[in-house]
Every structure is written in C-alpha cells, then in structure tokens.
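Visitor: Below is the structure I would like to discuss, written out as structure tokens.
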Amino acid sequence: MNPRRQAAILQQRRTHHLASNADAYAFFNLLTGPELFDQVESLLPDHRERLFPPTETLSMFMAQALSADRSCQRAVNELAVKQLRAGLKPCSTHTGGYCRARQRLPVEMVSSLVRNTGNLISSNARSGQWMGRPVRLVDGTTVVMPDTQANQDAYPQSRGQKPGLGFPICRMVGIVCLSSGALLNAALGRFRGKGGDEQTLLRSMLDTLNTGDVLLGDAFYATYFLLCELQRRGIDGVFEQYGARRRSTDFRRGTRLGTRDHLITLEKPRKRPAWMSQASYEQAPDQLEVRELKAGNKILVTTLGCARETPKAALKALFKDRWHVELDLRNLKTTMGLEMLSCKTAAMAVKELWVYLLAHNLIRLLMVQSASIADCLPRQLSFKHTLQLWLAWRQFDGSDIDECFHQLLMLIAQQRVGGRSGRMEPRAVKRRQKPYPLLTRARQAERKEIRKNGHPRKVK
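Take the sequence shown: its letters are residues 1 to 460, numbered as in the UniProt record's numbering.
Here you go:
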C-alpha cells in the first residue's frame, strides 16, 4: 500500500476513535458554566422582556459580524424568516427596534465576554507549549470608521489628509494565545495624539499576562522600561531589536554565549518618559541585563539569558511563530471584514469592534475542539474554512444537532494549513484597480461640480 494512503487511513481511524470518545458539547459547556454565566448576568442591563433582549441582540450582532452582508436589515429579515419557519408570528422587518436594542447593549459585557472566552479557550486547548510555558503574541493594527463628525471627534484621521477625504482611525493592540489563536485581550486608542501608541496600549493590558508566560513581539516593544516591567512580573519577552539600537549592536561586547549571541547590560535612560511618574522612574532598576542574538537577518533581544536552557536555535524557531499574529489580524480584517467598521457613532463603532473580536473567539473555539478530535494542533486548521462551514451550518434548524455536530467538527479538520515554512511572496497584486481617480476634494464640492458640469466623459 502507498505509504501516504496508509498514513491517511491511520489518521482517519485515530480521528474516529477520538470522536467516539469525546463529548462534543463539553467544551462548549465551558461558555455556559457558572463562573462565566454569573459574570454575564452581572453585566446585563435592566431590561424588560422585549423582542430583542440583550442575549438575542448580541447573537444577531455577531451574526452580522460573521456575514458578508453586515446590514441591520439582513439581520432583522433573517429573524423574521426564522420565526415564520418556526410557526411563530414574524416580527416586523423594520430595523428601528433592533438598532435601539444594539445601543442598549453594554460594551462592558461584550468586552468581558471576549476576555473570558479567550482565557477559557487558551486554558483548555490541547496544544504544545514552548518548553512547558505558554506563549503570548502581541501586535497592533488600525481600523477605519465611517467618516462622520462623531467618529472624527473621538478618533481623528491622519493629519496628512484634508478634511472630507480621510477616515477616522482607531488603533488596536491585541494579545493572542499562540497555541489556540484565541484573543485574550485588546486595547483601543486614538491613532493620532497622546496615549494611542502601541506601548501605551500594551501597558494597559499587562495584567492579562501571568507569571511564567513568554511574550513575543516586534521591534516596537523592545524598550528598557517594558523589559524591566516584564522581569518584575516574572514574564519573559522575546522581541526584535529596535532599528536604532540594532545599528549599534556589537557582539564583541558583553558576555559571549555563542556565535553572535551575548549578554549585555543596559543603562536606565537618563530622561524620564512623559508617560511615567517620577516614583515609577526612581523604582526602576538602574541597570538591566538582556540577551542579544542574531537569528537569520534579525537581531533579537530577550530576557531569557541562559544559553543552555534556551538555545539560540530554539529562540530562532520560536520567533518565527510571531508571524501567526499577523495572520490572525489578517483573518480579523480581511476574512471577517473588520478593516472597515459600519457604525456611525464612536460608541457604537467600539461596540461593533468588540463584537467582531467575540465572534473571532467563537470560531477559534470551534477550531480548538475540532483539533482535539482530529489529533492535531489548532494552528494546523484553516480559519476561513471553519468560518465558511459555520455559516453554512447555522442556516439549518437544530433538530438533529446532536447527531451532526461531531461530523461538523470532522469537516473542519479536513483542511490543513501551516505547512509552508519559509514561504515568500511579492507584496504586489496582479489584478489592476478599477479606473477611478482618488477623491481629492470634499465630496460635497465634487457633487456641486458634477451638477454644474456633469461627469467627465472619460475616467482617467
């Protein structure tokens, strides 16, 4: 028999064995456990028994986030059709009641659900830790909002854009579990102005990390005071060296650990950062010993100083996994459509963003359960494949859900990804953009010009 065919048969037998001995709902029951349920109940606002109670509203809101058509009209139409098929009196297809219910939904409830589901998924995922330690990924991105005055006041656009031509920009920094892909926490801030940089947003989430964790990040995070704070909390960090510091790195200095691998002592900056209090600055150590090493074409800085316990090759392989957070952000922004929000007020836009993050975690929950049945790692499964199957699954009623749910998890495990180490592609697109010029004046002025002279005969 062909070795590949034999391996496939063995894998199928292993999958069926695990599926027959697994409780498909045991993992999902974590979400309705007493601890999480009590927290959700405490965050629910006072409400009457309406057509759109908070839990139903949140469910519909998440369905909007997972769907390509994110309109409120589609969400209400879907509810009316479901009620009609169930033999109930269908609700009105007007969206006013649902939109008001979304406004009443507390953003604190949604954000707490994101953090709690992330922790539950991460703590129950059957996946390999790095040298027995959980690894957390950190990275930042930006999300744009509709160009309304309310959004511009809260999250102003870039200074390089004229009024009426840009979009409000919100910066987001997230902490992700490497093994499961679940989002553990996120912080939001203004793209422009003080208090919205990635360092500030990360400092507001340091309590998300636990003693013994390993934090992976890019060059934005390799700063003296962050490394000191991580050491104080018993957390190790592995970051790419900051560009200015990288140019002055000299491996002939310090204590040599190997080829282009050494320990050096950093001095505390003489000038106190503007965000730091004088008391915190004085409490920070005057010196900090860190390890610098060259891995490929990158220089890494880490608090893991023992070359025997953490060899250079192990750190190099670990830092390659940092790229997963870039793919996770791509799944959020491109696959799920988070790149451009829909709500026209800042409060609702922030709420919409948290709903996207909660929907993301629930897809990760499916992937982790499927991976446990298929005897593989969650990172080996396709996020988009799981999302597509879930959208197809929820179109049907739940009359035979007990018999089919295992089969759904096995369908999720059929598509494997992640076996493309060292992949390199050009950062360019083959398909040309549509032949429309950029908008260089305010839309109102352009409309006035069209009314006066009409559309141009040929679009250049």
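For every residue, glycine included, the Cβ atom is placed at its ideal position computed from N, Cα and C.
None of the values given here were measured: they were computed from a predicted structure.
1) Report yes or no: do the stretch 161-177 and the stretch 237-256 share at least 3 C-beta pairs separated by less than 8 angstroms?
2) Check the DSSP bridge columns for Glu292 and list the partner residues they point to.
3) Sort Leu300, Val325, Trp323, His324 by Cα distance to Ala313 and report the nearest one.
4) Taking DSSP as the reference, what is the three-state secondary structure of Ile235?
5) Should Val350 be labelled buried (16 or more other beta-carbon atoms within 10 Å of its own) or exposed?
6) In chain order, what residues of the same chain have a beta carbon less than 8 angstroms from the beta carbon of Ile121, not counting five sequence neighbours either side?
7) Can you tell me whether Leu387 is helix, strand or coil according to DSSP?
8) Would you say Ser280 faces chain B, with C-beta separation under 8 angstroms as the test?
9) For Ala413, I'd like the list of residues in its chain whose CB is within less than 6 angstroms of its CB, leaving aside the five on either flank, ordered along the chain.
10) With a Cβ-Cβ cutoff of 8 angstroms, do Gln380 and Val325 count as a contact?
11) Just the Cα atoms here: how many angstroms apart are Thr440 and Pro146?
12) Can you have a look at Glu425 and say buried or exposed, based on whether 16 or more other CB atoms are within 10 angstroms of its CB?
13) For the beta strand (DSSP E) that contains Gly96, what are its first and last residues?
14) Relative to the C-alpha of Arg322, which residue among Arg232, Gln388, Ala219 is closest?
15) Note down, in chain order, each residue of its chain lying with its Cβ closer than 6 angstroms to the Cβ of Thr95, except the 5 sequence neighbours on either side.
16) If you draw a straight line from the alpha carbon of Lys194 to that of Gly160, how long is it in whole angstroms?
17) To the nearest angstrom, how far is the alpha carbon of Gln157 from that of Arg70?
18) Leu202 and Thr303 - do their beta-carbons sit closer together than 8 angstroms?
19) Pop quiz: Leu335 and Phe383 are said to be a contact at Cβ under 8 angstroms. What is the actual Cβ separation, rounded to whole angstroms?
20) Hey, would you say Tyr221 sits closer than 8 angstroms to Leu288, going by beta carbons?
21) Specify, as a first and last residue, the run of the alpha helix (DSSP H) that Asp286 falls within.
22) What residue range does the beta strand (DSSP E) around Asp139 cover?
23) Could you pull the start and end residues of the alpha helix (DSSP H) that Asn124 belongs to?
24) Please classify Trp275: is it buried, with 16 or more other beta-carbons within 10 angstroms of its beta-carbon, or exposed?
25) Enumerate in chain order the residues of its own chain whose CB-to-CB distance from Lys448 is below 8 angstroms, with the five nearest sequence positions on each side excluded.
26) Roughly how many whole angstroms lie between the Cα atoms of Leu58 and Gln278?
27) Quick one, are the C-beta atoms of Arg171 and Gly217 less than 8 angstroms apart?
28) Can you tell me where the alpha helix (DSSP H) holding Leu201 begins and where it ends?
29) Just to confirm my understanding: we take His385, look at its own chain, exclude 5 residues before and 5 after, and list those with CB closer than 6 angstroms. What are they?
30) Please work out which residues of its chain come closer than 6 angstroms, Cβ to Cβ, to Ala445, disregarding the five sequence neighbours upstream and downstream, and give them in chain order.
31) Quick one: give me the first and last residue of the beta strand (DSSP E) that Val214 is part of.
32) Using the rule of at least 16 other Cβ atoms within 10 Å of the residue's Cβ for burial, across every protein chain shown, is Ser111 buried or exposed?
33) Quick one: what does DSSP say Leu329 is sitting in, helix, strand or coil?
34) Identify whether Leu51 lies in helix, strand or coil by the three-state DSSP scheme.
35) Examine the Cβ distances between the stretch 267-274 and the stretch 248-257 and report whether three or more of them are shorter than 8 angstroms.
36) Can you look up Arg423 in the DSSP assignment and give me helix, strand or coil?
Guide: Quick look at the numbers:
1) no
2) His262, Val301
3) Leu300
4) coil
5) buried
6) Cys177, Ser180, Ala182, Asn361, Arg364, Leu365, Val368
7) helix
8) Although the question refers to chain B, the structure presented lacks it and comprises just one protein chain.
9) Ser370, Ala374
10) no
11) 18 angstroms
12) exposed
13) Gly96 -> not in any beta strand (DSSP E); alpha helix (DSSP H) instead, spanning 96-104.
14) Ala219
15) Cys72, Gln73, Val76
16) 17 angstroms
17) 24 angstroms
18) no
19) This sequence places Thr at residue 335; Leu is not what is there. About 6 angstroms separates the two Cβ atoms, so the contact holds.
20) no
21) Per DSSP, Asp286 belongs to no alpha helix (DSSP H) and is neither H nor E.
22) 135-144
23) 107-124
24) exposed
25) none
26) 44 angstroms
27) no
28) 198-203
29) Gln415
30) none
31) 214-217
32) buried
33) helix
34) coil
35) no
36) coil
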